[in-house]
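This report refers to the structure that appears directly beneath it.
There are 2 protein chains.
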Amino acid sequence: MADSRKVGVLGGGQLGRMLIEAANRLNIQVNVLDAAASPAKQISAHDGHIEGSFKDASAVKKLAQACDVVTVEIEHVDTHMLEEVAGEVAVEPSWKTLRTIKDKYAQKGYLKEHGVDVAESEDLEGKGAAGLKAVGERFGYPFMLKSKTDAYDGRGNYVVKTADEIDAAVKALGDRPLYAERWADFRMELAVMVVKTKDGVLTFPTVETVHEDSICKLTYAPPRNVSKATTERAQELAKKAIGAFEGKGVFGVEMFLLKDDTLLINEIAPRPHNSGHYTIEACPLSQYDAHLRAILDIPIPPSALRLREPAIMLNILGGKNPDSHIQVTHKAYASPNASIHLYGKGDARPGRKMGHITVTAPSLADAEKEMQPLIDFVDEQKGKSLGARTATTDEPLVAVIMGSDSDLPVLKAGLQILEKLQVPFTVRITSAHRTPDWLREFSKSAADTSLRVIIGAAGGAAHLPGMCASWTTLPVIGLPVKATHMDGWDSLVSMTQMPRGEPVATVGINNSTNAALLAVRILGATDLAVRERLRVWMEGNEKEVLRKDQELLDQGFEKYLKGMGKW
Amino acid sequence: MADSRKVGVLGGGQLGRMLIEAANRLNIQVNVLDAAASPAKQISAHDGHIEGSFKDASAVKKLAQACDVVTVEIEHVDTHMLEEVAGEVAVEPSWKTLRTIKDKYAQKGYLKEHGVDVAESEDLEGKGAAGLKAVGERFGYPFMLKSKTDAYDGRGNYVVKTADEIDAAVKALGDRPLYAERWADFRMELAVMVVKTKDGVLTFPTVETVHEDSICKLTYAPPRNVSKATTERAQELAKKAIGAFEGKGVFGVEMFLLKDDTLLINEIAPRPHNSGHYTIEACPLSQYDAHLRAILDIPIPPSALRLREPAIMLNILGGKNPDSHIQVTHKAYASPNASIHLYGKGDARPGRKMGHITVTAPSLADAEKEMQPLIDFVDEQKGKSLGARTATTDEPLVAVIMGSDSDLPVLKAGLQILEKLQVPFTVRITSAHRTPDWLREFSKSAADTSLRVIIGAAGGAAHLPGMCASWTTLPVIGLPVKATHMDGWDSLVSMTQMPRGEPVATVGINNSTNAALLAVRILGATDLAVRERLRVWMEGNEKEVLRKDQELLDQGFEKYLKGMGKW
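Protein chains in written order, with my numbering: chain A, 2 to 568; chain B, 2 to 568.
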């Protein structure tokens, strides 16, 4: 055996199962405490598993005695027993961390104490309807009513929309220990998987999460239409939050990105998390590999957490029919980049997490295109209207900017080429002289968007592409436009003769076709699909000239010129 | 359960284990016939497995009775029992195929009959030393002596180097049924995993395989320094070969690429194969996913077999010490892109396949850089001299071509920039007018190499970049060189004014710095590491100008000009 240390896990659901997938590859034995046929045990044949509940103290003790490290796949465990065994066996993350995090109100208080931004919350335990009313007046409506403990996948949460709903909310959450949270008016939800090792804190990339009925439905890696600066801020915030806790392992950090770009922590999970499933295919090390390595002090090179390819993860939930989830996998069989994971669970109750699908592709736009039919299918299965579907837009790879709309007619042929070769683009008007600040802002942020190439068209002094090139690291193509004087020479020279340091790839005067084709070649340098479309297009041109040559040969020059109306 | 069909596998080694990894994710039950603690059974906990030998007819029958489809992870099985049960259970691939392939001499005869190119071979069964001598005279030395059956990983093979070795060879291979094969003087070995479904034949990408002591040591996907045309020919040959056999599933096709670019089939395996391990990380569907889908008639979209990222696979073999293989995995822990697979085997006998490591990276050069220390370490563990290590060269991403060596001084500054920003490049002399054929050949094949951008420097009529652009789909940067007349205007216009269809990205006259920086930007459009190096470099320039500005402010223009020696 590669590593004779034994790992014990409280809980044998899908997270434990995927942890075991990772452990199997390193020949590390994982002992699971859960029911006999639990998903994790199905893929791990040995006699070290324990049958019972991960909430049962005596079973936890038994597990601890047979292992070198004990970890969890769920936080709703008996932390008092973990505290008791912590002297004899390593418990990762620490029972203290588990105890703080499993109580969501305590979790938020702890984060606040450690200077981490969280949504404002207020204790309502024992305060009944009157307490809710007071909070409603202070926070305004809607606000979130949440159970402090045993709440997940929307269970234990209630959105109180008006004062009239208070009684219903109290009734719905019964005798649970409650607290209220101020409504976060977010633009989107982000999540970061954090890895805490003996040496420090590492992060996976930031992802966007989309919830439906309070259950994670989709994750997008990277998030859509979010700047690199914001994704980095999210990683920093997640790092700060997890740095405040004791112990080793991965942590899921869910947060809100508010409309003013503020980030607030929503919730923390002290274990692998749904928002990190995409890492199995999309990163060199998955969240499960990372968790295992972290708790066993096996090194994790930070760049092993990079994104290999953009990825989208779609949860497969139990649907309206017992086999709805199976229908989704059948549909996914036809999807070339879809990795399917089923968890070996029993009955598919509506909303139960039965599996997930990850699509990775060279671009997020490609992944979206492939995932959309699956999302539509899931929505159909649920009986949802298709109107509510996620918008899919091709993220532009090329920006075509011009100093004035008078340049647009010159650009027409080039834009048609981009369309023909299926390169998503955006066209903007920005002048180096009339809107210098706008141009600067656009150019400085371009590299953080989906853009890979910029075409700048300008006439006369034609500073547009040169200034743009000075503010970006992306390749900039200059298209000299013939202006009033000098037959276009002014524009041509203003672009080619850029100083050493900021090149502009200049093409012929008014030749927007070549500007577009150059953008296509630049994309095709690494995107073989684009390159292939270009090759086919060039082959078509070659054939057309060969055809004309044959016609000229067949007809003679006189007849040919007559055909051209030039005789 | 997602799919209630049960799959039976003869053999529970690493191939069966990785097949079960794939089956687990689809919740498909796989029953394994092999010894109790075999690698495949370790990750599949249910009571459907059968204990026994896959060569034992009665055990095969028992397995068949409990399954819907029976397949193999090894071809050395009892095909007569499979023939017998084939009426009651699906056997994939067909027992006929297994019977033909398990006898290597019959396999080659069958391929030859079906018009597939294989190395010339001759039956030696019962002919003894005299037979070998006759073959040696006909084939010349060296030639390969092989056992028709039960030969793998070099066992059952003997290279007969001279007539003097004939007795030793006969003795080494004992009473086995022998045949001889003409020596293939190959440039390298290639392999293709082929998938035969109910609807047709699909292929994974072509890979290069490197053997050591007749055991597969490394695979490179894609192969190093092989044109796209050749890799496609290899896929076609593999497709043709497997098209000749009956049944469904994946097949490994090993072939020789001879020095004259001829391809010859070496051997076929009717099952997942060592040369296809890389597909687990490098392709959307692995060879194991594909095998399972093929034998169960689950759809396989052809593009699911694409290469996500270049990949290198290194086998982990038992070494000189019992834990040599574990040392390799420890070393690999530090490698950010290494996926480690251990097979759960018992003792590590020297040469026994204990696991493998796959490194994927954005380029094969990156993967080589990361894998080399692991190869060196493996060689050290074996006690091999480091001199024999695989050569690693940075494959060039940029080609700088010029019409004449007189252009080289102008290029100097640009080449220094490429060096500084760590972009691997190659510099060549090729003239559009003096070596038009050479230029054509270079340009036409450029896209099939590691190249992503071409810089063409030329003066006067300056046709070089324009002609190059006409023969390639790669982006071409034109660097106008100032020639004898017209101050460089001739070159500048000859490049910018290319006809619609073949753009040349023209930079300023003699400004090789900008040509190089443009190439860097083009690479940086998709390679974030390159982009980051460029950003840091640009920031340095910015700081330098700001520093000078401050100095001018501090000193006044008079002192400053004096410092420049211009007062």
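The beta-carbon is built from N, C-alpha and C at its ideal position, and this holds for glycine as well. Keep in mind that this is a model prediction, so the values were computed, not measured.
How about residue i and residue j: are their beta carbons less than 9 Å apart?
i, j, result
"S194(B)", "H274(B)", "First, the residue type needs correcting, since residue 194(B) is Met and not Ser in the sequence shown. In this structure, H274(B) lies closer than 9 Å to M194(B) by Cβ."
"P197(A)", "G248(A)", "With the sequence shown as reference, residue 197(A) is identified as Lys, and Pro is not the correct amino acid for it. Cβ distance < 9 Å, so K197(A) and G248(A) count as in contact."
"K354(B)", "I317(B)", "yes"
"V521(B)", "V531(B)", "yes"
"W96(A)", "M145(A)", "no"
"L315(B)", "T361(B)", "no"
"P40(B)", "G250(B)", "no"
"I341(A)", "R26(B)", "yes"
"D118(B)", "L238(B)", "yes"
"A463(A)", "D491(A)", "yes"
"Y289(A)", "I281(A)", "yes"
I want to see whether chain A comes within less than 9 Å of residue i, judged by CB atoms only; does it?
i, result
"D528(B)", "yes"
"M82(B)", "no"
"R307(B)", "yes"
"A392(B)", "Confidence at A392(B) is low in this model, with a pLDDT of 31, below 50, so the placement of that residue is unreliable and no value is reported for it."
"E503(B)", "yes"
"T497(B)", "yes"
"A444(B)", "In the sequence under discussion, the amino acid at residue 444(B) is Ser, which differs from the Ala named in the question. No, S444(B) lies away from the interface with chain A (no Cβ there is under 9 Å from its Cβ)."
"L11(B)", "no"
"E237(B)", "no"
"R225(B)", "no"
"H47(B)", "yes"
Please check the pair residue i and residue j, which I expect to be a contact at CB under 8 Å, by giving their CB distance rounded to whole angstroms.
i, j, result
"G17(B)", "N32(B)", "11 Å between Cβ atoms; not a contact."
"V482(B)", "V401(B)", "Between V401(B) and V482(B) the Cβ distance is about 12 Å, and since that is not below 8 Å, they are no contact."
"V454(B)", "I478(B)", "7 Å"
"A459(A)", "M499(A)", "Rounded, the Cβ-Cβ distance is 13 Å, inconsistent with contact."
"T150(A)", "D104(A)", "6 Å"
"T204(B)", "K240(B)", "6 Å"
"V202(A)", "G141(A)", "The pair is not a contact, with the Cβ atoms about 36 Å apart (cut-off 8 Å)."
"L519(A)", "L422(A)", "That belief does not hold up - the Cβ atoms of L519(A) and L422(A) are roughly 12 Å apart, past 8 Å."
"L286(A)", "I29(A)", "Going by Cβ atoms, the distance from L286(A) to I29(A) rounds to 15 Å, so no, they are not a contact pair."
"E74(B)", "V10(B)", "6 Å"
State the beta-bridge partners of residue i as determined by DSSP.
i, result
"G345(B)", "Partner(s): none; G345(B) has no beta bridge."
"S340(B)", "T359(B)"
"A506(B)", "I478(B)"
"S148(A)", "L179(A)"
"K354(A)", "L318(A)"
"L258(A)", "M189(A) and L264(A)"
"L11(B)", "L34(B) and V73(B)"
"G564(B)", "The partner list for G564(B) (beta bridge, DSSP) is empty, contrary to what the question assumes."
"Y159(B)", "L146(B)"
"E52(B)", "D35(B)"
Please decide whether residue i counts as near chain B, where near means a Cβ-Cβ distance under 9 Å.
i, result
"V454(A)", "yes"
"H115(A)", "no"
"S304(A)", "yes"
"E22(A)", "yes"
"Y344(A)", "yes"
"R532(A)", "yes"
"G509(A)", "yes"
"A339(A)", "yes"
"S95(A)", "no"
"T280(A)", "no"
"N32(A)", "no"
"A389(A)", "The predicted position of A389(A) is uncertain, since its pLDDT is 31 and thus under 50; a value taken from the coordinates is nonetheless stated next. No - not a single Cβ of chain B is within 9 Å of the one on A389(A)."
Would the beta-carbon of residue i be found less than 8 Å away from any heavy atom of the ligand ZN?
i, result
"E213(B)", "The ligand ZN is not among the ligands present in this structure, which contains no ligands whatsoever."
### Query
Taking only runs of the alpha helix (DSSP H) that begin and end inside the region 456-499 of chain A, which ones reach a length of at least 4 residues, in chain order?
Complete alpha helix (DSSP H) runs here, min 4: 465-472 and 490-497.
### Task
Scan the region 75-144 of chain B and note each continuous alpha helix (DSSP H) run of 4 residues or more that stays entirely inside, going in chain order.
Entirely contained in the region 75-144 of chain B, the alpha helix (DSSP H) runs reaching 4 residues are, in chain order, 80-86, 96-103, 105-114 and 129-140.
### Task
Starting from the N-terminal side, write out each stretch of the alpha helix (DSSP H) that is 4 residues or longer and does not extend beyond the region 167-246 of chain A.
The alpha helix (DSSP H) runs lying completely inside the region 167-246 of chain A and spanning 4 residues or more are 167-174 and 229-244, given in chain order.
### Message
Going residue by residue through the region 395-454 of chain B, where are the continuous beta strand (DSSP E) segments of at least 3 residues, counting only ones entirely within it?
### Response
399-403 and 426-430
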